[in-house]
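The next block holds one structure in the form of structure tokens; read it before the comments.
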DNA sequence: TATTGTTATACTCTATAACTATA
DNA sequence: TATAGTTATAGAGTATAACAATA
């Protein structure tokens with residue numbers, strides 16, 4: 007209930023800075039590996055991984071992808087175009103909704119993912135998990151998963167421009 | 007001792023994805039606030055914060071800044087140039103080493119930081135810390151600080167191009 | 001010879017706004 | 001009228017390589 011203080015506690019600052027630094031360094035290391043081994047950017051990898059690993063069908067609609075990866079629509083169109091040109095995904099009109107576009111990972115896309123994964127995993131393990139015990143890893147996941155869900159719930163949604171309640 | 011497996015455990019994946027998503031969403035939200043309120047990019051804010059909050063003197067050398075923020079030299083030169091043009095920092099030859107350049111935050115720089123901080127803190131609190139208890143926050147910091155130190159220790163240093171051991 | 005920092009350059013990424021087509 | 005996606009465009013950020021100056 008107490009009114010929110012206007013600065014963070016020392017512990018909060020430690021946690022915040024550590025989080026951003028870890029994420030930044032990790033992203034940097036991963037990007038280098040992805041670029042070297044698979045000629046993929048971080049975002050492109052995320053899109054492929056979502057299609058090839060998370061999705062059961064290997065397909066998703068543009069809007070869902072944009073939401074998932076935190077992206078503007080046009081940005082996603084751009085990246086999807088690159089991936090399509092590289093033969094890693096295809097785009098086709100959605101079956102149910104003629105406005106929609108369904109993106110699907112191709113065989114070549116899965117191959118590329120397979121090419122990249124071992125080194126990717128290796129980087130993550132060395133950089134992120136080496137200093138963490140199994141118990142630590144568990145704890146970390148249990149802390150961060152609720153935070154992610156909380157962030158996703160209160161949506162600074164990236165895609166759609168808000169516009170409502172003009173009186 | 008066991009040879010490293012070629013994929014991550016389910017828990018590791020959960021932790022890894024949650025970490026990157028949280029960091030990504032957080033950065034996104036913060037960037038918007040910084041841009042709206044203080045006309046600062048994420049990196050520019052990090053540089054100012056490092057000078058104004060972390061450093062006792064308000065000054066640091068270019069190389070140290072580049073290392074701290076994970077940055078190429080030329081990228082830092084570019085950003086430092088922007089900050090200088092905006093009057094938020096100054097650059098002067100280092101006292102001890104004539105090759106070096108010392109960057110110092112100005113009064114205007116500290117003002118800008120002060121302008122931006124309340125909203126910044128608010129975003130962090132709402133997005134990141136709202137779902138975390140004090141104990142959770144403690145635990146998170148204790149988990150991530152060692153990881154950060156580990157990453158910094160095994161340096162995929164960004165700045166200097168490696169070149170050594172050519173036989 | 002190695003290091004510090006800048007410059008020139010080229011490229012990638014991202015967002016905004018305008019537009020088309022379908023619901 | 002609202003939503004899905006694309007296009008055009010313009011700007012910011014980043015890295016690489018070549019360079020000058022100092023250690």
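Protein chains in written order, with our numbering: chain A, 7 to 173; chain B, 7 to 173. Glycine is no exception: its CB is placed at the ideal position from the N, C-alpha and C atoms. Treat the numbers as computed from the prediction; the structure is a model and nothing was measured.
key: Short CB-CB distance (under 8 Å) between residue 6 of chain B and chain A   = Because chain B spans 7 through 173 in this model, residue 6 of chain B falls outside it and cannot be assessed.
message = Just to confirm my understanding: we take residue 54 of chain B, look at its own chain, exclude 5 residues before and 5 after, and list those with CB closer than 6 Å. What are they?
response = For the purposes of this step, residue 54 of chain B is taken as residue 48 along the second chain, with counting starting at 1. By the criterion of a C-beta distance shorter than 6 Å, residue 54 of chain B is surrounded in its chain by 115, 119, once the five residues flanking it on both sides are discounted.
ask   = Does the beta-carbon distance from residue 143 of chain A to residue 17 of chain B come in below 8 Å?
value = Residue mapping note: residue 143 of chain A aligns to position 137 of the first chain, counting from 1. Residue mapping note: residue 17 of chain B aligns to position 11 of the second chain, counting from 1. The answer is yes: Cβ separation under 8 Å.
Cα-Cα separation, residue 57 of chain B to residue 90 of chain A = Position 51 of the second chain, counting from 1, holds the residue named residue 57 of chain B. Position 84 of the first chain, counting from 1, holds the residue named residue 90 of chain A. About 44 Å.
message = For residue 15 of chain A and residue 147 of chain B, what's the separation of their Cα atoms in angstroms?
response = Taking the first residue of the first chain as position 1, residue 15 of chain A is located at position 9. Taking the first residue of the second chain as position 1, residue 147 of chain B is located at position 141. Distance between the alpha carbons of residue 15 of chain A and residue 147 of chain B is about 12 Å.
task = Answer yes or no: do residue 40 of chain B and residue 107 of chain B have a C-beta to C-beta separation smaller than 8 Å?
result = Within the second chain, numbered from 1, the residue matching residue 40 of chain B stands at position 34. Within the second chain, numbered from 1, the residue matching residue 107 of chain B stands at position 101. It is not a contact, given that the beta carbons lie outside the stated cut-off.
request  = Could you check how far apart the C-beta atoms of residue 137 of chain B and residue 153 of chain A are, in whole angstroms? I think they sit under 8 Å.
outcome  = As a working mapping, residue 137 of chain B is identified with position 131 in the second chain. As a working mapping, residue 153 of chain A is identified with position 147 in the first chain. Going by Cβ atoms, the distance from residue 137 of chain B to residue 153 of chain A rounds to 6 Å, so yes, they are a contact pair.
ask   = Span of the beta strand (DSSP E) holding residue 65 of chain B?
value = Mapped onto the second chain, residue 65 of chain B falls at position 59. Its beta strand (DSSP E) spans residues 65-67.
request  = Note the first and the last residue of the continuous beta strand (DSSP E) segment covering residue 98 of chain B.
outcome  = On the second chain, position 92 is the one that residue 98 of chain B refers to. That run of the beta strand (DSSP E) goes 95-99.
request  = Quick one: give me the first and last residue of the alpha helix (DSSP H) that residue 80 of chain A is part of.
outcome  = Here residue 80 of chain A refers to the residue found at position 74 of the first chain. Start and end: 79-91.
key: Classification of residue 171 of chain A by the beta-carbon crowding that lies within 10 angstroms, buried from 16 upward   = Here residue 171 of chain A refers to the residue found at position 165 when the first chain is read from its first residue. In this prediction, residue 171 of chain A scores a pLDDT of 29, lower than 50, which makes its location untrustworthy; no coordinate-derived value is stated.
task = Closer than 7 Å by beta-carbon distance: list the chain A residues that pair up with residue 22 of chain B, in chain order.
result = What you label residue 22 of chain B is simply residue 16 of the second chain in a count that begins at 1. Near residue 22 of chain B (Cβ distances below 7 Å), the residues of chain A are 130, 134.
task = With 8 Å as the threshold, decide whether the Cβ of residue 82 of chain B is near any Cβ in chain A.
result = Reading the second chain from its first residue, position 76 is the one you call residue 82 of chain B. By this cut-off, residue 82 of chain B is not an interface position.
ask   = Which first and last residues belong to the alpha helix (DSSP H) in which residue 36 of chain B is found?
value = Translated into the one-based positions of the second chain, residue 36 of chain B becomes position 30. Note, residue 36 of chain B: alpha helix (DSSP H), 16-44.
request  = Could you pull out every residue in the same chain whose Cβ sits closer than 8 Å to the Cβ of residue 135 of chain B, ignoring the five residues on either side in sequence?
outcome  = Taking the first residue of the second chain as position 1, residue 135 of chain B is located at position 129. 143, listed in sequence order.
key: Residues that residue 149 of chain A contacts on chain B, provided the C-beta gap is smaller than 8 Å   = Position 143 of the first chain, counted from the first residue, corresponds to residue 149 of chain A. Those are 138, 142, 145, 146, 149, listed as they occur along chain B.
key: Environment of residue 84 of chain A [buried if 16+ CB atoms lie within 10 Å]   = Along the first chain, one-based indexing puts residue 84 of chain A at 78. Result: exposed.
Residue 109 of chain B in three-state terms, based on DSSP = Position 103 of the second chain, counted from the start, is the residue given in the question as residue 109 of chain B. Correct three-state label for residue 109 of chain B: strand.
inquiry  = Here's a check: name, in chain order, each residue in its chain whose Cβ is nearer than 6 Å to the Cβ of residue 51 of chain A, leaving out the five neighbours to either side.
reply    = Here residue 51 of chain A refers to the residue found at position 45 when the first chain is read from its first residue. Answer for residue 51 of chain A: 40, listed in chain order.
request  = Return helix, strand or coil for residue 53 of chain B, following the three-state DSSP convention.
outcome  = Residue 53 of chain B sits at position 47 when you count from the first residue of the second chain. DSSP places residue 53 of chain B in helix when its eight states are reduced to three.
query = If we cut at 8 Å on Cβ distances, does residue 27 of chain B have a partner in chain A?
reply = Here residue 27 of chain B corresponds to residue number 21 of the second chain, with the count starting at 1. At least one chain A Cβ lies under 8 Å of residue 27 of chain B.
ask   = What is the DSSP secondary structure of residue 128 of chain A, counted as helix, strand or coil?
value = As a working note, residue 128 of chain A is residue 122 in the first chain. Helix.
query = Is there at least one Cβ from chain A nearer than 8 Å to residue 18 of chain B's Cβ?
reply = Counting from one through the second chain, the residue named residue 18 of chain B turns up at place 12. For residue 18 of chain B, the answer is yes, since a Cβ of chain A falls inside 8 Å of its Cβ.
query = Would you say residue 13 of chain B faces chain A, with C-beta separation under 8 Å as the test?
reply = Numbered from 1 along the second chain, position 7 holds the residue referred to as residue 13 of chain B. Closer than 8 Å to some Cβ of chain A, the Cβ of residue 13 of chain B qualifies, so yes.
query = Within 8 Å (strictly less), CB to CB, does residue 154 of chain A reach chain B?
reply = Against the first chain, residue 154 of chain A aligns to sequence position 148. Among the residues facing chain B, residue 154 of chain A is included, as its CB has a counterpart in that chain under 8 Å away.
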